[in-house]
Amino acid sequence: MIIFKTEADIQNYLSDLRLKGKSIGFVPTMGALHAGHGSLVIKAKDETDCVVCSVFVNPTQFNDKVDFEKYPITREADLALLLEWGCQVAFFPDVEDVYPNGMNAGSEFDFGYLNTILEGEKRPGHFQGVGQVVSRLLDIVKPSDLFMGQKDFQQCMVIQKLLELKENPYQTKLHICPTVRDADGLAMSSRNKLLSEPQRTLAATIYQCLVSIQSKQSTDSFSVVQRECLDLLTNKDFIPEYVSIADANNLSLLEDFDAKRKMVALIAAKIGSVRLIDNLLLN
Ligand code: AMP
């Protein structure tokens with residue numbers, strides 16, 4: 000595995016590969032890597048000639064300063080895991096490498112409706128930051144294939160929109176990969192490392208709620224199941240931010256189950272100071 004820090008060095012290496020007709024698979028991450036990230040790297044290895052994984056905790060996508068400051072950083076362990084997964088190129092830039100003209104440079108992206116609901120509504124500025132960093136990383140790596148997790152369902156839609164807004168200059172294909180979970184159903188997440196042991200035990204409640212929404216979709220009304228989930232989460236020490244269902248194709252929010260549509264249930268909730276999100280396709 001080769002490790003790069005600067006744009007010039009990685010571009011030099013990748014442009015050579017591109018000239019040889021090799022496909023480049025890209026997995027952008029914020030580090031504190033886990034098996035969920037591993038599944039993306041392994042999928043990218045299966046599908047492309049060279050896998051690039053970036054590790055960069057992007058300051059511009061944190062709407063909450065404390066969340067940024069306590070975001071876990073496990074550099075040595077990340078490198079060891081990337082080696083184990085067979086990643087060929089690791090990109091570990093600093094803020095100045097990603098934003099040489101400062102963090103406020105660059106234009107705003109019009110993500111429209113996507114920016115007004117769920118994560119867009121609850122985390123103002125978050126998707127602008129995500130768009131800014133992914134746009135910049137795409138311009139550095141110029142990947143043929145981009146691998147992202149369904150765990151961040153809305154983010155995948157935002158990135159698909161970003162590719163459209165940028166007129167997809169590298170003809171990048173977005174691959175959305177299934178959510179990897181712990182044995183009790185909790186979606187793997189770097190933020191899980193911040194949970195105390197009792198919080199970690201309770202955290203699986205989010206997945207239990209998603210499964211309950213899925214299992215009751217043809218028998219109950221959503222408002223009843225939603226109330227049950229909100230109560231259950233609150234009883235287990237969560238502060239729920241939303242328990243919602245939406246059309247999985249465009250994320251338009253639904254008042255009630257609609258078997259004619261492809262649906263997704265989405266939950267965001269805080270336990271202590273740790274904010275967790277998860278989702279499940281319903282049908
Ligand atoms: P992050 O480091 O949290 O920004 O995540 C980097 C990428 O890994 C994103 O595309 C995430 O959606 C994806 N990812 C995070 N957690 C999981 C998971 N449990 N299963 C699959 N992909 C994941």
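Okay, so the sequence shown: first residue is 0 according to numbering that gives the first Met the number 0, each after it adds one.
Here a beta-carbon is modelled for each residue, glycine too, at the ideal position from N, C-alpha and C.
In this text the structure is predicted, and so the values were computed from the model without any measurement.
{"query": "Residue from F90, R122, N11, D48 whose Cα sits closest to the Cα of I2", "result": "F90"}
{"query": "According to DSSP, residues forming a beta bridge with I266", "result": "V242, D277"}
{"query": "Start and end residues, alpha helix (DSSP H) containing S211", "result": "204-214"}
{"query": "Residue(s) in a DSSP beta bridge with H174", "result": "F146"}
{"query": "For A202 and L82, the rounded distance between their alpha carbons", "result": "30 Å"}
{"query": "Candidates F110, G124, A31, of which the one nearest T73 by Cα", "result": "A31"}
{"query": "C-alpha gap between S189 and I276, whole angstroms", "result": "12 Å"}
{"query": "Cβ-heavy atom distance, S251 to the ligand AMP, below 7 Å", "result": "no"}
{"query": "Near the ligand AMP: K150 beta-carbon under 7 Å from a heavy atom", "result": "yes"}
{"query": "Best match in L193, F110, K192 for proximity to K160 [C-alpha to C-alpha]", "result": "F110"}
{"query": "When D48, T200, G105, T204 are compared against G20, the one with the closest alpha-carbon", "result": "D48"}
{"query": "Same chain, Cβ closer than 6 Å to V26, five either side skipped, listed in chain order", "result": "L39, V40, A43, C52, F146"}
{"query": "Cutoff 6 Å; reference P239; Cβ partners in own chain excluding five residues on either side", "result": "L229, L232, A268"}
{"query": "Distance, E68 Cα to R180 Cα", "result": "26 Å"}
{"query": "Limits of the unbroken beta strand (DSSP E) element including S53", "result": "49-54"}
{"query": "Residues bridged to F237 (per DSSP)", "result": "I270"}
{"query": "Proximal residues to A34 (C-beta, below 8 Å), its chain only, five neighbours per side dropped", "result": "V179, M187"}
{"query": "Three-state secondary structure (DSSP) of P27", "result": "strand"}
{"query": "Beta bridge counterpart(s) of F3 as assigned by DSSP", "result": "F90"}
{"query": "Candidates E107, D66, I9, I270: closest to T200 by CA position", "result": "I270"}
{"query": "Straight-line gap, Q154 to F126 (C-alpha atoms, nearest Å)", "result": "8 Å"}
{"query": "Alpha carbon of K87 to alpha carbon of Q131, nearest angstrom", "result": "Just to set this straight, residue 87 is Gln in the shown sequence, not Lys. When rounded, the distance between both Cα atoms is 25 Å."}
{"query": "Assigned secondary structure, A182 (DSSP; H/G/I helix, E/B strand, else coil)", "result": "coil"}
{"query": "Check: A186 C-beta below 7 Å from any heavy atom of the ligand AMP", "result": "yes"}
{"query": "F237 versus R226, Q225, V273, residue with shortest Cα-Cα distance", "result": "V273"}
{"query": "C-beta atoms of L281 and Q213 nearer than 8 Å", "result": "yes"}
{"query": "C-beta contact flag for A264 and I244 at 8 Å", "result": "yes"}
{"query": "Heavy atom of the ligand AMP within 7 Å of T115 beta-carbon", "result": "no"}
{"query": "Where L162 sits in the DSSP three-state scheme", "result": "helix"}
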